[in-house]
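Asker: In the numbering used here, the protein residues as written are 163 to 227. Positions of the beta carbon are idealized from the N, C-alpha and C atoms, including for glycine. Since the structure is predicted, the reported quantities are computational estimates derived from the model, not experimental observations.
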Amino acid sequence: KDYRGKGVFRGLYNSMKEAVGTDYSLIVTEVDGRNTRSLDAHLAIGFKVIKKYQSDGKDWYLIVL
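1. Under 8 Å between the Cβ atoms of Leu224 and Ile212?
2. What is the rounded straight-line gap between the Cα of Leu174 and the Cα of Asn197?
3. Give me, in chain order, the residues of the same chain whose beta-carbon lies closer than 8 Å to that of Val193; leave out the 5 immediate sequence neighbours on both sides.
4. For Asn176, tell me which candidate among Asp164, Gly195, Arg166, Gly208 has the shortest Cα-Cα distance.
5. Name the DSSP bridge partner or partners of Lys220?
As structure tokens, this is what we get:
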């Protein structure tokens with residue numbers, strides 16, 4: 163909680179984009195629909211929801227940057 167709102171999350175994804183360079187054009191991940199804080203953080207740094215689906219009775223979001 164000490165790191166919330168300090169740009170750490172954004173920095174991690176920026177570092178990942180630098181590390182993969184031009185080898186990959188997209189970053190794709192999933193977020194549990196119950197984890198609204200994580201989904202909001204991903205959306206705030208530019209991720210887009212490409213699909214909402216259910217698995218084992220839970221909602222999931224497939225997101226891409």
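Answerer: Taking the geometry as given:
1. Position 62 of the sequence shown holds residue 224. Position 50 of the sequence shown holds residue 212. A Cβ-Cβ contact shorter than 8 Å links Leu224 with Ile212.
2. Counted from its first residue, the sequence shown places residue 174 at position 12. Counted from its first residue, the sequence shown places residue 197 at position 35. About 19 Å.
3. Reading the sequence shown from its first residue, position 31 is the one you call residue 193. Once the five neighbours on either side are set aside, the close Cβ partners of Val193 are Ser200, Leu201, His204, Trp222, Tyr223, Ile225.
4. To locate residue 176, count along the sequence shown from 1; it is residue 14. The shortest C-alpha separation from Asn176 is found at Gly208.
5. Translated into the one-based positions of the sequence shown, residue 220 becomes position 58. Answer is Ser217, bridged to Lys220.
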